[in-house]
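One structure below.
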Amino acid sequence: MTGVAERAVGAPLVRRDGPLKVTGRAAYAYEQPVADPLYLFPIEATVARGRIVSIDAAAAEAADGVVVVLTHRNAARLAPDADPELRILQDDVIRFRNQFVGAVVAETSEAARYAAGLVRVEYEEAPHDVTFRADHPELYAPESVNAGIATDSVFGDVEMALAKAHRTIDHVYSTPLEHHNPMEPHTTVAAWHGEDGSGRLTLHDSNQGASTARSMLAPVLGIAPERVRVISPYVGGGFGSKAMPHAHVVLAVLAARLVGGRPVKFAMSRRQTFTQASHRSPQIQRVRLGADRDGRLTAIAHGSIAQTSRFKEFVEQTTFVTRSMYAAPNRSTTHRAVPSDVSVPGIFRAPGETPGFFALESAMDEMALACGIDPVEFRVRNEPEREPETGLPFSSRDYVACMREGARRFGWEGRDPAPGGTRAGEWLIGTGMAGCAYPAYFLRGGTQAAVEALPDGRYRVDIAAADIGTGAWTALAQVSADALGVPVEDVDMAIGDSALPPAAMAGGSMGMTFWGTAIIEAARVLRERFGERPEPGARVTATAPDNPHVGKVSMHAYGAHFAEVRVNADTGEVRVSRLLGMFDLGRVINPRTTRSQLIGGMIMGLSMALHEEGVRDPRFGHTVNCDLAQYHIAAHADVEDVDAIWLDGDDRYYNPMGAKGVGETGIVGAAAAIANAAHHATGIRVRDLPMTPEKFLR
Amino acid sequence: MIPFDYRRPDDAPGAVALVAPRPDAAFLAGGTNLVDHMRLGIARPELLVDVSRLPFDTIERLPDGGVRVGAAVRNSDLAAAPLIRRRYPMLAAALLAGASPQLRNLATTGGNLLQRTRCAYFQDATTPCNKRVPGSGCSALDGFHRHHAVLGASDGCVAVHPSDMAVALTALDAQVRVLGGAGERVVPMTEFHRLPGERPERDTVLEHGELITAVDLPPLAMAARSAYRKVRERASYAFALVSVAAALSVKDGVVVDARVALGGVAHRPWRAVRAEGALRGAPATEDAFRAAADAELADARPLPGNAFKVPMARNAMVAVLRDLNAGGAR
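Quick note, the sequences are listed as chains S and Y, same order. Using UniProt numbering, you'd call the opening residue of the first sequence number 1 and step up by one each time. Using UniProt numbering, you'd call the opening residue of the second sequence number 1 and step up by one each time.
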């Protein structure tokens, strides 16, 4: 650990796992070599509510290659108090359409799939309700919302302030049911070793955190976490859908119980990804703003309504960031939910912030216009000195600088604010901007890392972190190299295995905060215990210290999106010609992988703005358009000029690296910037996403 | 696995002889639609007769100046053929607007015509669909029908034929050459696909066992100035909300002749006969184009969720005719 001149953090290193991936040698969960595997194909309920009357599996059991048909009648018992989403096949009750009611396990995936179609399930249907609307009679206030955040907040007197305001706006914004579809499907290979009841379970599983998967699954199965090993070295995307294990993992585990130790492989089909991998709930938001003559906000009221599942609650923290974004003396935020007979909604890239900022930043654009003030200047004018609802100082907040520098690079100056002013042939052209903020979540402490000295001055770093395509393999090696004072090539990383020191999942844009902190702590302890030149074999495991600043400062990443949009005057087609994001991320550990994450998030925001919409049929309770030909996400042709840049920064309150969260920051606000630009192009304000062509037809 | 037999006959009569007597047999070419449907459990042929390697993979000039496109010519090859790009630009454009490069590399000319008229409910074996299970009801009628028909639909089915290529072929008055047990026959493109009526399970007029061998393009000089415009929310790999294939011949400011067909509006590619009639002899002005479009769409009967297709189709028709009149083609 002698001094090394060059720091690895900040270098745009290529992914160290890149060559393995592009040559097909990186073994994803389904490709992990296992001996004598079997294959699973699930059986899904075809009613949305009711109970199973009978299951006739005789034809399936007699089909070539079939080993067993798993149903609630032969499934092992799970813990009675298990997570309701994971406690499957324990009774005959149908809680949502497409619920797993069984599975066929066979010698080949083709045989399993075919035989699954031979199983006859009869149901006694009960009335179901999957409708979602603001005046639903079952609307209720949750006790808290995702991440343990308070349901409501109130400061001052919003109604009075709105009544007295010089300008007010009051609009309803809606975002649809959205389904995330990682390139790598949700995949599990489950194998039991040893006798039933005393056995150990190995899972090759595609997830965002091996430790999280283990700690959530073990209690469901009623066994000690030490008897579960989850291995996930390479993961082809998650977007939140792999943050927590879903029912498919339990299905494979239950099936593996019945086949005498043979591994059971289950890779979801794309259609099953729509039904089993969670989703973003549709939401209805109302934003009311009041402003004085100088364009200073006097009132901010932001309420959201989301759909949740009747049998397990999940409600996004949609208005949470509104509590910290703009100054105003009178404020109110609320979250409400409508229970439905649907599968459990879940985490979808920036749950809360993504839909919330579509509404808030659309409303800010509308208010800027109402006040006759440039959208950037209007936001600058409402910049708070301290976090409005807590009074805490900001750890760092370069939001204004993001807007100013973004505007300069985009060519915002001199923009005519009047909508509909620019036309090129059949295209109406407009520009728009929106703000972005993503809070630092400190949800799960206890992340550990181990550092071991190897011969020749090399080190090995062990941590059950996850690389879901983010570049964590590489960025963690960079943090490690600086912490150990060696070139990055001298660090061997091991991640993605619950046998390694436990770690927070890759979620909430907080993975690097926990992982990097633990690694730096482990390097410090190693040095403390073994000196600057530890002998090979010297090894320590250390726990990331709790952040002493939590609750004392307000920590957020910030950004500003600038969009140029064209709308076809004949057909209403919307295309995004340019998208520029300028961000405040603290210190950037790897500019190459950071940029990829940011533009990926921005493209996902573009996709949300223009395309994504799951259509639920109230009669059947299912998503009608459940494949990628019908559920549209942005294709290459939709992505023209997209770029992400950032300001120099270093936020020492966040973590020892000075780095803020990146993974979700890019998507927050992107859809609003595009909607604001489309309004500037056409004069038509679309408040319900996606902005499909018919909404601009005249 | 799904049990089925697979045969690869040496010639077309052999293929017909294999399929014709067996109701459970189907021809297989690119497989881009049929194999999907087998996986989804909505097509269950027990015999697949592979015709993709029969000698129908050429594009030839015909003595009358037309062009014969073999049924096995891949969509990507047809789109790239210089003869097609020069003489029938609307066809090349339509092909390139369809599907994705990977699908176009596999899909054949004959198979493209025979892809199912379909919708999301048709593709989901757990929901009622008259096309999939006659008499079970139409789920789209009172369900999700944003993409569905506004012209020529019935209460039995409101699905649309998704092909782009077929829209251009319809506008061009192409002829489909078919081989059956009783010999060869020729079916005009305009009569090849059916409206749903009482028998939505039938997409085309082909009898079981009839095999498409070629599609003939007539020597239509005006097609050299033609265009295909596909309106869709996603810039690629999306079915048309509406599409327009058109050719326009104008002399001294007056429309001499016009060919117009619409996609995304009906159970079959929709030849805009009324619009063509209104255009012939009319001044080549935007007002006249709009009147022609309105004439075509006068009988449109949209559903609550797809009413936008009527103004969208009208605007798209006007835009394409306007561009063609201005000398552009796309």
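Beta carbons are placed, not taken as given, at the ideal position from N, Cα and C, and that holds for glycine. Please read all numbers here as calculations on a predicted model, not as lab measurements.
Please list the partners that Y114 (chain S) has in chain Y, where partner means a Cβ-to-Cβ separation under 7 Å. In the first sequence, residue 114 (chain S) corresponds to position 114, counting from 1. Here the neighbours are M1 and I2.
So which of S:G346, S:A115, S:A59 and S:L13 has the shortest CA-CA distance to F239 (chain S)? On the first sequence, residue 239 (chain S) is found 239 positions in, with the first residue counted as 1. Nearest option by C-alpha distance: S:G346.
Status (buried if at least 16 other CB within 10 Å, exposed otherwise) for M160 (chain S): In the first sequence, residue 160 (chain S) corresponds to position 160, counting from 1. Per the 10 Å Cβ criterion, exposed.
Enumerate in chain order the residues of its own chain whose CB-to-CB distance from A291 (chain Y) is below 7 Å, with the five nearest sequence positions on each side excluded. One-based indexing of the second sequence puts residue 291 (chain Y) at position 291. A278, listed in sequence order.
From the DSSP output, in three-state form, read off E46 (chain Y) for me. Here residue 46 (chain Y) is taken as the residue at index 46 of the second sequence, counted from 1. If DSSP states are grouped into helix, strand and coil, E46 (chain Y) belongs with coil.
Leaving out five residues on either side along the sequence, give the residues of the same chain with a beta carbon under 6 Å from the beta carbon of H204 (chain S). Here residue 204 (chain S) refers to the residue found at position 204 when the first sequence is read from its first residue. So the list reads A29, Q32, V189 and I231, once near-sequence residues are dropped.
Quick one, which residues of the segment 299–317 of chain Y are near chain S if we go by CB-CB under 7 Å, in chain order? F308, P311, M312, N315 and A316
Distance cutoff 8 Å, beta carbons only. Does L34 (chain Y) sit that close to anything in chain S? Sequence index remark: in the second sequence, residue 34 (chain Y) carries index 34 (1-based). Chain S, which has no Cβ nearer than 8 Å to the Cβ of L34 (chain Y), makes this no.
Using three-state DSSP, classify Q448 (chain S) as helix, strand or coil. Reading the first sequence from its first residue, position 448 is the one you call residue 448 (chain S). DSSP places Q448 (chain S) in strand when its eight states are reduced to three.
Pair every Cβ in the segment 359–374 of chain S with every Cβ in the segment 534–546 of chain S, then say whether three or more of these pairs are closer than 8 Å. no
Interface flag, F56 (chain Y) vs chain S, CB-CB below 8 Å: Against the second sequence, residue 56 (chain Y) aligns to sequence position 56. Answer no: the Cβ-Cβ gap between F56 (chain Y) and chain S never drops below 8 Å.
Just to make sure I have the definition right: I need the residues of chain Y whose C-beta is within less than 7 Å of the C-beta of D638 (chain S). Which are they? In the first sequence, the residue the question calls residue 638 (chain S) occupies position 638. Here the neighbours are R234 and A235.
Is it a yes or a no for the segment 132–152 of chain Y touching the segment 114–123 of chain Y, going by three-plus beta-carbon pairs under 8 Å? Flag = yes, the segment 132–152 of chain Y and the segment 114–123 of chain Y touch.
In this structure, what does DSSP give as the bridge partners for R533 (chain S)? Within the first sequence, residue 533 (chain S) is the residue found at index 533, counting from 1. DSSP output for R533 (chain S) lists no bridge partner at all.
If the cut is a Cβ gap below 8 Å, which residues of chain S does F144 (chain Y) touch? By one-based count along the second sequence, residue 144 (chain Y) stands at place 144. Within 8 Å Cβ-Cβ: V615, D617, V624 and N625.
Name the chain S residues whose beta carbon is nearer than 7 Å to that of L241 (chain Y)? Locating residue 241 (chain Y) in the second sequence gives position 241, counting from the first residue. Within 7 Å Cβ-Cβ: P693.
Using a Cβ-Cβ distance under 8 Å, would F696 (chain S) count as near chain Y? The residue labelled residue 696 (chain S) in the question sits at position 696 within the first sequence. With 8 Å as the cut-off, F696 (chain S) does not count as an interface residue toward chain Y.
Using a cut-off of 7 Å between C-beta atoms, extract the partners of A238 (chain Y) located in chain S. For this step, residue 238 (chain Y) is matched to residue 238 along the second sequence. From the beta-carbon of A238 (chain Y), the residues of chain S found nearer than 7 Å are H632.
Where M433 (chain S) sits in the DSSP three-state scheme: The sequence position of residue 433 (chain S) within the first sequence is 433, counting from 1. The answer is strand: DSSP assigns M433 (chain S) an E or B state.
Mind checking the segment 108–142 of chain Y against chain S and listing, in chain order, the residues whose C-beta falls within less than 8 Å of any C-beta there? A120, Y121, Q123, D124, T126, T127, S139 and D142
Meets three-Cβ-pair contact criterion under 8 Å: the segment 138–152 of chain S and the segment 283–292 of chain S: Judged by Cβ distances under 8 Å, the segment 138–152 of chain S makes no contact with the segment 283–292 of chain S, as fewer than three pairs qualify.
Decide if A182 (chain Y) is buried, meaning its Cβ has at least 16 other Cβ atoms within 10 Å, or exposed. If you number the second sequence from 1, residue 182 (chain Y) lands on position 182. Residue environment for A182 (chain Y): exposed (fewer than 16 other C-beta atoms within 10 angstroms of its C-beta).
May I ask you to verify whether the segment 421–438 of chain S touches the segment 390–407 of chain S, counting CB pairs closer than 8 Å and requiring at least 3? Verdict: yes, contact present.
Which residues does DSSP list as the beta-bridge partners of S174 (chain S)? The residue you call residue 174 (chain S) lines up with position 174 of the first sequence. Looking at the DSSP assignment, S174 (chain S) forms a beta bridge with S:I284 and S:D688.
Count the other CB atoms within 10 Å of the CB of A5 (chain S); is the residue buried (16 or more) or exposed (fewer)? Here residue 5 (chain S) is taken as the residue at index 5 of the first sequence, counted from 1. Unreliable positioning characterises A5 (chain S) in this predicted model, as indicated by a pLDDT of 48, which lies under 50. A coordinate reading is not provided.
In terms of residue numbering, what span does the beta strand (DSSP E) encompassing V338 (chain S) cover? By 1-based counting over the first sequence, the position of residue 338 (chain S) is 338. First-last of the beta strand (DSSP E) with V338 (chain S): N330 to S340.
Rounded to the nearest angstrom, what separates G263 (chain Y) and R95 (chain S) at their Cα positions? Numbered from its first residue, the second sequence carries residue 263 (chain Y) at position 263. Numbered from its first residue, the first sequence carries residue 95 (chain S) at position 95. So the alpha carbons of these two residues sit roughly 40 Å apart.
To the nearest angstrom, how far is the alpha carbon of T2 (chain S) from that of A11 (chain S)? Translated into the one-based positions of the first sequence, residue 2 (chain S) becomes position 2. Translated into the one-based positions of the first sequence, residue 11 (chain S) becomes position 11. Residue placement at T2 (chain S) cannot be trusted, given a pLDDT of 45 that sits under 50; what the coordinates show is reported in the next sentence. Rounded to the nearest angstrom, the two C-alpha atoms are 20 Å apart.
Smallest Cα separation from R259 (chain Y): which of Y:M222, Y:S243 and Y:D294? Here residue 259 (chain Y) corresponds to residue number 259 of the second sequence, with the count starting at 1. The shortest Cα separation from R259 (chain Y) among Y:M222, Y:S243 and Y:D294 belongs to Y:M222.
Could you give the uninterrupted runs of the beta strand (DSSP E) lying entirely in the segment 482–519 of chain S, keeping only those of 3 residues or more? 491–494
Report buried or exposed for residue 704 (chain S), applying the criterion of at least 16 other Cβ atoms within 10 angstroms of its Cβ. Absent from the structure is residue 704 (chain S), since the part of chain S shown begins at 1 and ends at 698.
Beta-carbon within less than 7 Å of D216 (chain Y)'s beta-carbon, same chain only, minus the 5 sequence neighbours each way: which residues are those? Within the second sequence, the letter at position 216 stands for residue 216 (chain Y). For D216 (chain Y), where only same-chain residues beyond five positions count, the Cβ hits under 7 Å are L62, G66, R68, A174, Q175 and R177.
How should A298 (chain Y) be labelled, buried or exposed, when 16 other C-beta atoms within 10 angstroms of its C-beta is the threshold for buried? As a position in the second sequence, residue 298 (chain Y) is number 298, starting the count at 1. Its Cβ having fewer than 16 others within 10 Å, A298 (chain Y) is exposed.
What residue range does the alpha helix (DSSP H) around A277 (chain S) cover? As a working note, residue 277 (chain S) is residue 277 in the first sequence. Segment: none, A277 (chain S) is in no alpha helix (DSSP H) and carries neither H nor E.
If we cut at 8 Å on Cβ distances, does G197 (chain Y) have a partner in chain S? Locating residue 197 (chain Y) in the second sequence gives position 197, counting from the first residue. It does not; no Cβ of chain S falls within 8 Å.
N330 (chain S) beta carbon less than 8 Å from that of F155 (chain S): In the first sequence, the residue the question calls residue 155 (chain S) occupies position 155. In the first sequence, the residue the question calls residue 330 (chain S) occupies position 330. Yes, the Cβ-Cβ distance between F155 (chain S) and N330 (chain S) is below 8 Å.
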